[in-house]
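Counting in the numbering used here, the final residue of the sequence shown is number 630, and the numbers go up one at a time with none missing. Take a look at the structure set out below.
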Amino acid sequence: MDSLCDLGLTSYEDRAYRALLSIGTGTAARVSEESGVPKGRIYDALGGLRSRGLVREQTAGDPKRYVAVEPEIAVDRLVEARTRELSERIETMEDEREDLVDRLAGAGTPEDAFWTAAVGAADSRELLFERLDAADERVVVAAEAVSAQFEIGEEGDAVLDRLLSAVRRGVEVSVMLSPDVFDDARDAVDDERAAAALAQSPFELRVTDAMYGTFHLIDGVEVCLEVPDPLAPDRLFGMLDLRDPTFAARVEEGFAEAWDDATPIADV
């Protein structure tokens, strides 16, 4: 922080406080002279400092004299006050969040086909998590392989957190894995955590070797496709996100056929 203004003081209050630190004690006129705060504003500045507990005044005698509290005490008081203010603002924003979301959602969702892309593992992960967090009705996960850039323990836990959060919102979640991905995930994810996930409803897990590629189908209209690096197929090049109900319906149909033949997993 460069000045006490960062903690809520006005520039005049900041200058008046620093002037008092410099001169020790002084009248309003003396503080005005030392700080350069106009005489017409010095009483407002000193009053603001006094209300914050940063200066004390000597009322006996005329004119009044002022003294600054120690810097450590002053900064602590300003930080405490600023913390309370920010906490109240955060509480207000959290209280108004749902209402704002509802009003914004009332504007509707674009019906035109739309696509976007992320390049690289980190941006792809961020895009996927964003879309999973946006799901309202259903999430389908199909994973044939895991990119070499990802630690399956870390990534598996992170994706599982997102999926369970969706389940708690009432979103139906269907996960279909290849045997290799299932074995790797079973070894990497804590058994108790995995068992708790399988016990959630609506959360279903199945395994099949009759699948190709890795994708996430969201609310029946949006597909997140992993794009492998053509020069290194075991590494992720990027993530393609397509909002296209027609294409999503084709993906849903193919998934449903494989899902019906897949092996349900009830426990680990």
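Where a beta carbon is used, it is the ideal one built from N, C-alpha and C, also for glycine.
Measure from the alpha carbon of residue i to the alpha carbon of each residue in the options, then state which is nearest.
i: Thr478; options: Val589, Asp629 and Ala624; result: Val589
i: Glu614; options: Leu366, Val501, Val417 and Ala496; result: Val501
i: Thr421; options: Leu440, Thr389, Pro400 and Val529; result: Thr389
i: Arg427; options: Glu442, Ala559, Asp438 and Gly409; result: Gly409
i: Leu598; options: Thr608, Ala528, Arg444 and Ala480; result: Ala480
i: Ala610; options: Ala559, Pro592, Ala628 and Leu587; result: Leu587
i: Ala504; options: Gly370, Ala624, Leu371 and Ala628; result: Ala624
i: Leu579; options: Glu419, Phe617 and Leu526; result: Phe617
i: Val399; options: Thr387, Gly386, Arg531 and Ala381; result: Ala381
i: Gly582; options: Leu466, Arg548 and Val533; result: Val533
i: Leu371; options: Ala559, Ala628, Arg612 and Asp406; result: Asp406
i: Thr445; options: Ala391, Arg392, Glu460 and Asp368; result: Asp368
i: Ala628; options: Ser527, Arg548, Arg465 and Leu560; result: Leu560
i: Ala612; options: Val585, Met455, Asp364 and Gly386; result: Here the sequence assigns Arg to residue 612, which means Ala is not the residue at that position. When each option's Cα is compared against that of Arg612, the closest is Val585.
i: Glu419; options: Asp461, Gly386 and Glu447; result: Gly386
i: Ala547; options: Arg531, Glu506 and Ala496; result: Glu506
i: Thr495; options: Leu466, Asp364, Asp485 and Arg531; result: The identity of residue 495 in the sequence shown is Asp, whereas the question assumes Thr. Residue Arg531 is the option with its Cα nearest to Asp495.
In chain order, what residues of the same chain lie with their CB nearer than 8 Å to the CB of residue i, ignoring the 5 residues before and after it?
i: Leu383; result: Ala430 and Pro433
i: Glu517; result: Arg487 and Val508
i: Asp438; result: none
i: Pro626; result: Glu566, Leu567 and Arg568
What do you get for residue i, buried or exposed, if any count of 16 or more other CB atoms within 10 angstroms of its CB means buried?
i: Ile404; result: buried
i: Phe577; result: buried
i: Arg605; result: buried
i: Phe476; result: exposed
i: Tyr574; result: exposed
i: Arg493; result: buried
i: Val441; result: exposed
i: Ile452; result: exposed
i: Met601; result: buried
i: Val463; result: exposed
i: Glu458; result: exposed
i: Leu539; result: buried
i: Leu593; result: exposed
i: Ser449; result: exposed
i: Ala497; result: buried
i: Asp549; result: exposed
i: Asp603; result: buried
Enumerate in chain order the residues of its own chain whose CB-to-CB distance from residue i is below 6 Å, with the five nearest sequence positions on each side excluded.
i: Glu566; result: Ser536
i: Lys401; result: Ser394
i: Ser436; result: Looking at the sequence itself, residue 436 is Ala, so the reference to Ser does not match. Cβ neighbours of Ala436 beyond the five flanking positions: Leu416.
i: Gln562; result: Val529
i: Glu619; result: none
i: Pro425; result: Thr389
i: Leu366; result: Asp376
i: Asp591; result: Arg597 and Phe599
i: Leu312; result: With the chain represented from 363 up to 630, any question about residue 312 goes unanswered, as that position is not in the structure.
i: Ser397; result: Arg377, Ala378 and Ala381
Going by beta carbon distance, what residues of the same chain come within less than 7 Å of residue i, once the five residues before and after it are set aside?
i: Pro541; result: Val569 and Asp571
i: Phe544; result: Val569
i: Gly482; result: Gly600
i: Pro564; result: Val529, Glu534 and Val535
i: Arg392; result: Ile385
Please list the segments of the alpha helix (DSSP H) lying wholly inside the segment 370–437, counting only runs of 4 or more residues, in order along the chain. Taking 4 residues as the minimum length, the alpha helix (DSSP H) runs contained wholly in the segment 370–437 are 373–385, 390–397 and 401–413, in order along the chain.
Could you tell me whether the segment 372–390 touches the segment 413–431, using the rule of 3 or more Cβ pairs below 8 Å? They touch, by the three-pair rule.
Contact between the segment 480–497 and the segment 519–526 is defined here as three or more beta-carbon pairs at a separation below 8 Å; is this criterion met? Flag = yes, the segment 480–497 and the segment 519–526 touch.
If we require 4 or more residues per run, which alpha helix (DSSP H) segments fall completely within the segment 488–536? You should have 514–530.
Which runs of the alpha helix (DSSP H) spanning at least 4 residues fall entirely within the segment 580–629, listed in chain order? Taking 4 residues as the minimum length, the alpha helix (DSSP H) runs contained wholly in the segment 580–629 are 607–623, in order along the chain.
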